[in-house]
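Residue numbers (the working numbering): 328 to 378.
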């Protein structure tokens with residue numbers, strides 16, 4: 328999961344006994360041409376745990 332130029336940390340998995348969570352940091356340094364523009368980051372999650 329990275330768009331051009333984006334970097335992400337290793338995913339960290341945690342649980343509170345009921346729910347499972349995954350988190351990561353995402354960084355991106357815009358180019359000079361990207362200055363002053365709005366940028367959106369969209370993502371989606373899927374659950375492939377069939378149990």
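Glycine included, every Cβ here is placed at the ideal spot set by N, Cα and C.
**Asked** From 353, 361, 370, 376, pick the residue whose C-alpha is nearest to that of residue 337; which is it?
**Response** 353
**Item:** Same chain, Cβ closer than 7 Å to residue 344, neighbours up to 5 away in sequence not counted
**Value:** none
**Item:** Through-space distance from residue 356 to residue 333, alpha-carbon basis
**Value:** 8 Å
**Where the beta strand (DSSP E) through residue 342 begins and ends** = 339 to 342
**Request:** Grab me the residues of residue 349's own chain with a C-beta within less than 6 Å of its C-beta, minus the 5 sequence neighbours each way, in chain order.
**Result:** 338, 340
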